[in-house]
Amino acid sequence: MAVSSHTVTTARENGINGLQQEIRTARSQRADRAAKVYTYDARGRITGIQDGNQNQTGYHMDPWGRVHQIETAEGGKENFAYDYAGHITSTTDANGGVITYRYNSQGKVCEIIDQEGNSEMFRYDREGRMVFHVDRNGKQVRTTYNVDGNPVLERACDYLGENEVTRSWEYDDIGNVKKAVAGGFCYTYEYRPDGKLIKKLLYKISGA
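Each residue of the sequence shown is one higher than the last, beginning at 36 in the numbering used here.
Right under this line is the structure:
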């Protein structure tokens with residue numbers, strides 16, 4: 036069998052009005068096997084992937100074409116649930132661990148609850164920009180924006196509201212960052228008229 040030095044891709048019908056795409060790299064050709072095999076249904080949706088060791092991963096779709104279950108090569112099953120707007124509302128892993136997602140009226144994630152019941156929260160302004168975030172450890176981050184939608188101040192603290200750390204940004208008339216302050220250091224930036232960065236300076240803030 037002739038071996039090509041290039042990756043070869045072939046496609047053929049899989050007998051159920053779908054398509055099977057086989058990819059053979061130069062290495063896999065020498066072993067006379069495919070590096071990857073992708074299987075699609077009649078609508079062009081992927082239904083399976085087989086690697087070079089013939090490990091197979093299967094994908095099952097709901098009537099709206101969304102993946103609702105994945106069968107892993109190890110034999111596990113991962114499940115996905117959605118709301119009427121198509122947002123994913125929960126994932127269940129092969130061990131039964133569930134992650135839950137909640138959304139606000141803008142369709143943005145406002146809370147994620149992990150397998151252990153830990154919550155991560157997100158809040159947004161009217162323009163959909165994230166203004167408040169609490170991670171699963173209780174760390175809080177608040178962000179303020181200018182009229183152009185660029186962040187100008189970020190305040191982070193622990194779950195007790197202590198040990199605050201801030202970052203700030205200033206911009207030129209066309210939205211380029213001209214100054215940033217974080218961790219006791221100040222960064223300044225200079226640009227050409229076409230907006231290309233030409234100079235970046237870093238110095239430690241006195242007393243920081």
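All residues carry an ideal CB built from backbone N, CA and C; glycine is no exception. Because the structure is a prediction, the values reported are computed rather than measured.
Exercise. What's the C-alpha gap between residue 142 and residue 122?
Worked result: Counting from 1 along the sequence shown, the entry for residue 142 is found at position 107. Counting from 1 along the sequence shown, the entry for residue 122 is found at position 87. Approximately 8 Å between the Cα atoms of the pair.
Exercise. What is the rounded straight-line gap between the Cα of residue 145 and the Cα of residue 181?
Worked result: The residue you call residue 145 lines up with position 110 of the sequence shown. The residue you call residue 181 lines up with position 146 of the sequence shown. Distance between residue 145 and residue 181, taken at the CA atoms: about 22 Å.
For this session: Spell out the partners DSSP gives residue 204 in its beta bridges.
Result: What you label residue 204 is simply residue 169 of the sequence shown in a count that begins at 1. Per DSSP, 215.
Problem set entry | Buried or exposed by the 16-neighbour rule on C-beta atoms within 10 Å, applied to residue 198 | As a first step, residue 198 must be located in the sequence shown, where it is residue number 163. The Cβ neighbour count for residue 198, taken over all protein chains shown within 10 Å, is under 16; the residue is labelled exposed.
Exercise. Alpha carbon to alpha carbon, how far is residue 148 from residue 174?
Worked result: Locating residue 148 in the sequence shown gives position 113, where the first residue counts as 1. Locating residue 174 in the sequence shown gives position 139, where the first residue counts as 1. For residue 148 and residue 174, the distance between alpha carbons rounds to 15 Å.
For this session: Leaving out five residues on either side along the sequence, give the residues of the same chain with a beta carbon under 6 Å from the beta carbon of residue 168.
Result: Counted from its first residue, the sequence shown places residue 168 at position 133. For residue 168, the CB contacts under 6 Å within the same chain, skipping 5 residues up- and downstream, are 157, 176 in chain order.
Exercise. Where residue 81 and residue 200 are concerned, what is the direct C-alpha to C-alpha distance, given to the nearest angstrom?
Worked result: If you number the sequence shown from 1, residue 81 lands on position 46. If you number the sequence shown from 1, residue 200 lands on position 165. Their Cα atoms are separated by approximately 46 Å.
Exercise. Looking at the structure shown, is residue 62 part of a helix, part of a strand, or coil, going by DSSP?
Worked result: Position 27 of the sequence shown, counting from 1, holds the residue named residue 62. Three-state result, residue 62: helix.
Problem set entry | For residue 4, three-class secondary structure by DSSP | The first residue shown for the chain is 36 and the last is 243, placing residue 4 beyond what the model contains.
Problem set entry | Start and end residues, beta strand (DSSP E) containing residue 237 | Here residue 237 corresponds to residue number 202 of the sequence shown, with the count starting at 1. Here the beta strand (DSSP E) through residue 237 covers 232 to 239.
Exercise. If we count the other Cβ atoms within 10 Å of its Cβ and call it buried at 16 or more, is residue 59 buried or exposed?
Worked result: Residue 59 sits at position 24 when you count from the first residue of the sequence shown. Buried.
For this session: Could you tell me the boundaries of the beta strand (DSSP E) in which residue 195 lies?
Result: Numbered from 1 along the sequence shown, position 160 holds the residue referred to as residue 195. It is not in any beta strand (DSSP E) - residue 195 carries neither H nor E in the DSSP assignment.
Exercise. Does DSSP put residue 73 in a helix, in a strand, or in coil?
Worked result: Here residue 73 corresponds to residue number 38 of the sequence shown, with the count starting at 1. If DSSP states are grouped into helix, strand and coil, residue 73 belongs with the strands.
Exercise. With burial defined as no fewer than 16 other Cβ atoms inside 10 Å of the residue's Cβ, what is the status of residue 89: buried or exposed?
Worked result: Within the sequence shown, residue 89 is the residue found at index 54, counting from 1. By the neighbour-count criterion, in which a residue is buried when 16 or more other Cβ atoms sit within 10 angstroms of its Cβ, residue 89 is exposed.
For this session: Specify, as a first and last residue, the run of the beta strand (DSSP E) that residue 116 falls within.
Result: For the purposes of this step, residue 116 is taken as residue 81 along the sequence shown, with counting starting at 1. Counting along the chain, the unbroken beta strand (DSSP E) around residue 116 starts and ends at 112 to 117.
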